[in-house]
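Structure, as C-alpha cells:
Number of protein chains: 2
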Amino acid sequence: MSVQKVLEALADPARRTVVRTLAHSGADLSCGSFELPVGRSTSSHHFSVLREAGVLRQYYVGTTKMNALRSEELERRFPGLLTAVVAAADAEAGQARGV
Amino acid sequence: MSVQKVLEALADPARRTVVRTLAHSGADLSCGSFELPVGRSTSSHHFSVLREAGVLRQYYVGTTKMNALRSEELERRFPGLLTAVVAAADAEAGQARGV
Numbered sequence: 008m009s010v011q012k013v014l015e016a017l018a019d020p021a022r023r024t025v026v027r028t029l030a031h032s033g034a035d036l037s038c039g040s041f042e043l044p045v046g047r048s049t050s051s052h053h054f055s056v057l058r059e060a061g062v063l064r065q066y067y068v069g070t071t072k073m074n075a076l077r078s079e080e081l082e083r084r085f086p087g088l089l090t091a092v093v094a095a096a097d098a099e100a101g102q103a104r105g106v
Numbered sequence: 008m009s010v011q012k013v014l015e016a017l018a019d020p021a022r023r024t025v026v027r028t029l030a031h032s033g034a035d036l037s038c039g040s041f042e043l044p045v046g047r048s049t050s051s052h053h054f055s056v057l058r059e060a061g062v063l064r065q066y067y068v069g070t071t072k073m074n075a076l077r078s079e080e081l082e083r084r085f086p087g088l089l090t091a092v093v094a095a096a097d098a099e100a101g102q103a104r105g106v
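Going line by line, the protein sequences match chains A and B. Just so you know, we're using this note's numbering here: the first sequence kicks off at 8 and counts up by one. Just so you know, we're using this note's numbering here: the second sequence kicks off at 8 and counts up by one.
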C-alpha cells in the first residue's frame with residue numbers, strides 16, 4: 008500500500024463517493040448498490056483502482072461482487088488519512104446538495 | 008479550494024516533498040531551497056499546481072519567489088488532511104531512506 012496509489016485512487020469524485028458510502032454504511036456493499044454517475048465499465052474501472060490501491064477488498068457472495076473498505080489497514084498505514092478524506096468528501100457532497 | 012484539486016496536487020511525490028519540507032521548516036522557503044529530483048521547468052510546474060490547488064501561496068522577496076504552506080486554510084477547509092498526508096509522506100521518505 009503506497010501513499011501515492013492511495014492518493015491517486017482518492018483523487019476522483021466517483022471513487023470518493025464509493026469510499027464515503029462504504030465508510031458510512033458500516034457494512035460491505037455490492038458494486039450495484041452505489042449510485043455513480045458513470046457507466047458500468049467506468050464504474051468497474053473505479054472499483055479496480057480502489058482495490059489495487061489497497062483502499063478496498065473485493066469478494067464474491069454467489070455471483071455478487073462485494074466491496075469492503077480496508078479502514079483498519081489504512082488507519083494503521085496512514086493514520087488519519089481516510090477519516091480526513093471521508094470528512095472532506097462529506098463536506099463536498101453537502102455543498103453539492105446545497106446543505 | 009476543492010478536495011479534488013488538493014488531492015490531485017498531493018498525488019505526486021515531488022509535490023509531497025515540497026509540502027512536507029514546508030510543513031517541517033515552519034518558515035516560508037524559496038523555490039530553490041527544495042531538493043527535487045526534477046528539472047527547473049518541471050519543478051516550476053509542481054509549484055504552480057500546488058499554488059493553484061490552494062496548498063501554498065507564493066510571493067516575491069526581491070527577485071526570489073517564496074512559498075508559504077497554507078496550513079491554516081487547509082486545516083479549516085479539510086480538517087486533518089494535510090497532517091495525515093505529511094505524516095504519510097514522512098513515513099514514505101523514511102522507508103525510502105531505509106529508516
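Even for Gly, the Cβ is constructed at its ideal location relative to N, Cα and C.
message: Assuming B/Val56 is part of the alpha helix (DSSP H), what are its boundary residues?
response: Its alpha helix (DSSP H) spans residues 47-60.
field: Every unbroken alpha helix (DSSP H) inside the stretch 62-96 of chain A [4 residues or more]
entry: Whole alpha helix (DSSP H) segments, 4+ residues: 78-84.
query: Under 7 Å, do B/Met73 and B/Ser37 count as touching if we go by C-beta distance?
result: In this structure, B/Ser37 lies closer than 7 Å to B/Met73 by Cβ.
- prompt: Where do the N-terminal and C-terminal ends of the alpha helix (DSSP H) with B/Glu15 fall, by residue?
  reply: Where B/Glu15 is concerned, the enclosing alpha helix (DSSP H) stretches over 10-17.
message: Is there a Cβ of chain B sitting closer than 7 Å to that of A/Glu15, yes or no?
response: Yes, A/Glu15 counts as interfacial toward chain B.
query: So B/Arg22 packs on B/Val56, CB below 8 Å; how close in whole Å?
result: Rounded, the Cβ-Cβ distance is 6 Å, consistent with contact.
message: Using the three-state DSSP reduction, which class does A/Leu43 fall into: helix, strand or coil?
response: If DSSP states are grouped into helix, strand and coil, A/Leu43 belongs with coil.
Close Cβ partners of B/Asp19 (< 8 Å) along its chain, the five nearest in sequence each way excluded: The beta carbon of B/Asp19 lies closer than 8 Å to those of His53, Val56 in the same chain, with the five residues before and after it left out.
query: Taking Cβ-Cβ distances below 9 Å as the criterion, which residues of the stretch 82-105 of chain A are in contact with chain B?
result: Hits within the stretch, in order: Arg84, Phe85, Pro86, Gly87, Leu88, Leu89, Thr90, Ala91, Val92, Ala94, Ala95, Ala96, Ala98, Glu99.
field: Where the alpha helix (DSSP H) containing B/Arg22 begins and where it ends
entry: Under the DSSP assignment, B/Arg22 falls in the alpha helix (DSSP H) whose first and last residues are 20-32.
message: Would you say A/Val62 lies against chain B (beta-carbon separation less than 7 Å)?
response: Not one beta carbon of chain B lies nearer than 7 Å to the beta carbon of A/Val62.
query: With a cut-off of 7 Å, does the C-beta of A/Val26 fall near any C-beta of chain B?
result: Contact with chain B is absent for A/Val26, since none of that chain's Cβ atoms lies less than 7 Å from the residue's Cβ.
- prompt: Along chain B, in chain order, which residues have C-beta atoms closer than 8 Å to that of A/Val10?
  reply: Within chain B, Arg23, Val92, Ala95, Ala96, Ala98, Glu99 have C-beta atoms less than 8 Å from the C-beta of A/Val10, given in sequence order.
message: Do A/Arg64 and A/Arg77 count as a contact pair if the criterion is CB distance below 7 Å?
response: Using a Cβ distance threshold of 7 Å, A/Arg77 and A/Arg64 count as a contacting pair.
query: Using the beta-carbon count (16 or more within 10 Å), is A/Met42 buried or exposed?
result: It is Glu, not Met, that sits at residue 42 of chain A in the sequence shown. Counting of Cβ neighbours within 10 angstroms places A/Glu42 among the exposed residues, the total staying below 16.
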